[in-house]
Amino acid sequence: MINPVTNTQGVSPINTKYAEHVVKNIYPEIKHDYFNESPNIYDKKYISGITRGVAELKQEEFVNEKARRFSYMKTMYSVCPEAFEPISRNEASTPEGSWLTVISGKRPMGQFSVDSLYNPDLHALCELPDICCKIFPKENNDFLYIVVVYRNDSPLGEQRANRFI
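The opening position of the sequence shown corresponds to residue 28 in my numbering, with each subsequent residue numbered one higher.
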């Protein structure tokens with residue numbers, strides 16, 4: 028069993044150009060060897076450098092996109108309702124639909140995958156109040172990470188996230 032990592036509540040935005048710092052901010056237990064590797068094809072969309080440890084964030088692709096996504100997420104964010112309502116299967120059938128139904132207060136937990144730990148949506152989600160993410164690598168796949176996103180202001184959020192894992 029792979030041990031997931033939970034982002035700390037209230038992950039603060041990092042004002043840096045260094046790619047290593049943003050990943051350690053949301054995934055502090057990541058193995059140091061990860062940063063000795065060359066960026067994979069998916070990472071290269073967001074960072075540039077010989078290794079992930081010395082890579083820098085791309086301004087438009089990561090920094091500006093994360094700011095846009097965070098702004099959008101803040102407008103969609105809702106406080107936790109007293110009771111969740113059923114959602115349609117189509118509402119959560121995409122990565123965005125999955126996290127959107129959680130941050131908008133429609134359900135306590137969702138899951139999606141990212142092909143890079145530099146995905147701007149992942150970093151923006153981790154900065155929202157009362158939203159937590161458990162991140163773990165997909166077994167037998169070097170490129171995918173499973174993200175379980177849940178409401179920290181609902182007892183059902185973490186309970187369902189732990190049950191999912």
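Glycine included, each C-beta is placed from N, C-alpha and C at the ideal position.
Since this is a predicted model, take the numbers as computed values, not measurements.
The alpha helix (DSSP H) runs lying completely inside the segment 54 to 90 and spanning 4 residues or more are 60 to 63, given in chain order. In the DSSP assignment, Ile-130 falls within the alpha helix (DSSP H) that extends over 122 to 130. The C-alpha of Pro-66 lies about 43 Å from the C-alpha of Ala-110.
In this structure, DSSP gives Val-49 a helical state, which the three-state scheme calls helix.
Around Thr-43, the same chain offers Val-49, Leu-84 as residues with beta carbons nearer than 8 Å, after the five sequence neighbours per side are excluded. Shown here, Lys-161 sits in a strand according to DSSP, grouped into three states. In terms of CA proximity to Ile-68, Leu-144 leads the group Lys-165, Ile-53, Gln-138, Leu-144.
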